[in-house]
Amino acid sequence: MIKKVISIVVLALIIVSCSSSDSDSPDTPSGTSDNFDRQAMLVYWADAIIMPVLDDVNSELEALVQAKDAFVSTPNQANLDSLRTAWLSAYKVWQYAEMFNVGKADEIGYYKQMNIYPTNVTLIESNISNGSYDLGNSGNNAAVGFPALDYLLFGVATTDADIVAIYSTSVNASNYTTYLSDVVNKMKMLTETVVASWNSGYRADYVNRSGNSQTSAVNETVNDFVNYYERGLRSAKFGIPAGVFSNTPLPEKVEGYYSKVYSKELAAEALNAVQAFFIGEAYNSTTTGPSLKAYLEYLNKSDISSSVLTQFSQAQNGIQVLNPNFNQQIQDDNSKMTLVYDALQIGVVLLKVDMLQAFQIQLDQGYVDNDGD
Numbered sequence: 056m057i058k059k060v061i062s063i064v065v066l067a068l069i070i071v072s073c074s075s076s077d078s079d080s081p082d083t084p085s086g087t088s089d090n091f092d093r094q095a096m097l098v099y100w101a102d103a104i105i106m107p108v109l110d111d112v113n114s115e116l117e118a119l120v121q122a123k124d125a126f127v128s129t130p131n132q133a134n135l136d137s138l139r140t141a142w143l144s145a146y147k148v149w150q151y152a153e154m155f156n157v158g159k160a161d162e163i164g165y166y167k168q169m170n171i172y173p174t175n176v177t178l179i180e181s182n183i184s185n186g187s188y189d190l191g192n193s194g195n196n197a198a199v200g201f202p203a204l205d206y207l208l209f210g211v212a213t214t215d216a217d218i219v220a221i222y223s224t225s226v227n228a229s230n231y232t233t234y235l236s237d238v239v240n241k242m243k244m245l246t247e248t249v250v251a252s253w254n255s256g257y258r259a260d261y262v263n264r265s266g267n268s269q270t271s272a273v274n275e276t277v278n279d280f281v282n283y284y285e286r287g288l289r290s291a292k293f294g295i296p297a298g299v300f301s302n303t304p305l306p307e308k309v310e311g312y313y314s315k316v317y318s319k320e321l322a323a324e325a326l327n328a329v330q331a332f333f334i335g336e337a338y339n340s341t342t343t344g345p346s347l348k349a350y351l352e353y354l355n356k357s358d359i360s361s362s363v364l365t366q367f368s369q370a371q372n373g374i375q376v377l378n379p380n381f382n383q384q385i386q387d388d389n390s391k392m393t394l395v396y397d398a399l400q401i402g403v404v405l406l407k408v409d410m411l412q413a414f415q416i417q418l419d420q421g422y423v424d425n426d427g428d
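In the numbering used here, the protein residues as written are 56 to 428.
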C-alpha cells in the first residue's frame, strides 16, 4: 500500500512538472537563463564516458567472439569455462553502456537486442529446432543478447557435462552451436555499428546540440539516464522480480537467472555506473568533469545532488547484504530486495522531478506515455 501511495505521489509530481512546460516548443529553448556550459559537458560525456565505454564493450565482445569460436570448434569444459568468463566480463561492462540510448543505439534498438530479460527460452529452443530465424527481428529481442547467453551457457542442461554434450554429441549439436555463434556475432555487429556511428560524425552532432530543447543532446541523454535508472535499474533488477508491481514475487525474472550467482554483481555494477555518470567520473578512472552533480551545484541545488547521492549510498549498502543469487534472496528474504527498491524509488523522485525541474528539462513524450510504474 505504501509503495502504491509513493507511486501516485511521484506521478502527480511528474504531471505538474510536465504541465508547467507544455507551452515550450520541442525545438525551442525551455526558458533556462543559466550560463552553465552544456557543450563542455557534452564534450566530456562523449570523450571521457560514452565513447570509451562503448569501445570497451566492443573489446570485451571481441574477446567473447574468440572464446565462442574456441568453444564451438572444441566443446569441452575448459572452453566452456573460458566462454562463461568472457560473457560475465562483457556483461559487467555493458552495465555502464546501457543507459546511453542515443543516436544510432536508439535508432537500431541496441539495448533491446542486448539485455532484455527474462530471456524467452521457448523462443530460443524453437529457433534452434527450426534452424531458421532472423535475430534482427524485434520479435526475437527476448531470444538474443546477454540473457540468451545466460541460458545457452548455464541453463540448457543441469550439469556442465550435459551442457558440453548439448554442443558436441546431441542430435541438435550443430544447431545449438550455430545459434550460440549467431547470438554472439550479432551482439558484436550491433556494437560495431554504434561505435562506428560515434566515430564517423555522430560525436560532432552530439556535442553541437547543446541547447535546452527536447531534441538537444543534454536533454536526450538526461532523459535516457533517468529512464534507465527508473526502469533498467530500479524496476528490472529489483522491483519486478521482488513483486513490487505484482501480487507475488517473480524470482524467475532476475538478471542472470540461469548462471545463478551473478545477479548481485551485475546490479552493483549498474548502480556504480549510474553514480559515476551522475558525479561525472570518467570511465575506468577517478577523474571527474562536468556533470549532473556539478550542474545542480551551479544552480545552487546542492541539496538535490546531496540527497541523490544519499539514496545511491543507501541502495549500495542494501545491495551488499544480498545473496549473490537474487532468485534465492527473493525466496529466502524478499524484504531485503524491497528495501533496495525503496531506496532507489526515492531517487526516482529526486532525479525525475527535482533534478529535471532544476534543469528545466521536459520528460521525453515516449517516457511520459509509458509512465506509471
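Ideal Cβ placement from N, Cα and C applies to all residues, glycine included.
The C-beta of Thr140 has fewer than 16 other C-beta atoms within 10 Å across all chains shown, which makes the residue exposed. In this structure Phe367 touches Gly402 by the C-beta definition: roughly 7 Å separates them, less than 8 Å. Assignment of beta strand (DSSP E) within the region 151-216, counting only whole runs of 3 or more residues, yields no such run. With contacts defined as CB atoms closer than 8 Å, Tyr188 and Asn182 qualify as a contacting pair.
DSSP places Gln269 in no alpha helix (DSSP H); its state is neither H nor E. For Leu109, the closest C-alpha among the options Asp237, Lys159, Asn134 and Gln94 is that of Lys159. With distances taken between CA atoms, Ala228 lies nearest to Ala212 out of Gly373, Met392 and Ala212.
The distance from the Cβ of Tyr222 to that of Pro130 is about 4 Å, consistent with a contact at the 8 Å cut-off. Within the region 292-359, the complete alpha helix (DSSP H) runs of at least 4 residues fall at 318-334 and 347-353. In this structure Val226 is exposed. Its beta-carbon is surrounded by fewer than 16 other beta-carbon atoms within 10 angstroms. Counting along the chain, no alpha helix (DSSP H) covers Met410, and no H or E run does either. Looking only at Met169, Ala203, Gln412 and Ile416, the smallest Cα-Cα distance to Asn113 is reached by Met169.
For Val238, the enclosing alpha helix (DSSP H) begins and ends at Ala228 to Ser252.
At the C-beta level, Phe293 and Tyr172 stay beyond 8 Å of one another. Just measuring C-alpha positions, the residue of Asp215, Val376, Ser301 and Val273 sitting nearest Gln132 is Asp215.
Judged by their CB atoms, Leu97 and Ser265 are nearer to each other than the 8 Å cut-off.
The continuous alpha helix (DSSP H) containing Pro107 extends over residues Met106 to Ser128. Note that the C-beta distance between Tyr146 and Phe201 is below 8 Å. Its chain contains Gln384 as the residues whose beta carbon lies nearer than 6 Å to that of Asn378, once the 5 sequence neighbours on both sides are disregarded; these appear in chain order. Distances from the CA of Thr365 to each of Asp92, Gly344, Glu307 and Gln400 were compared; the closest alpha carbon is that of Gln400. Nearest Cα to Asn372 within the set Ala122, Leu354, Thr224 and Ala323: Ala323.
Nearest to Tyr231 by C-alpha distance, out of Tyr206, Val249 and Tyr350, is Tyr206. With contacts defined as CB atoms closer than 8 Å, Tyr317 and Phe414 fail to qualify as a contacting pair.
Taking the Cα positions, Phe381 is about 11 Å away from Leu321. For Phe381, the uninterrupted alpha helix (DSSP H) run begins and ends at Phe381 to Asp388, by DSSP. In the DSSP annotation of this structure, the continuous segment of the alpha helix (DSSP H) that includes Asp136 starts and ends at Gln132 to Trp149. Straight through space, the alpha carbons of Ser362 and Gln369 are spaced by roughly 11 Å.
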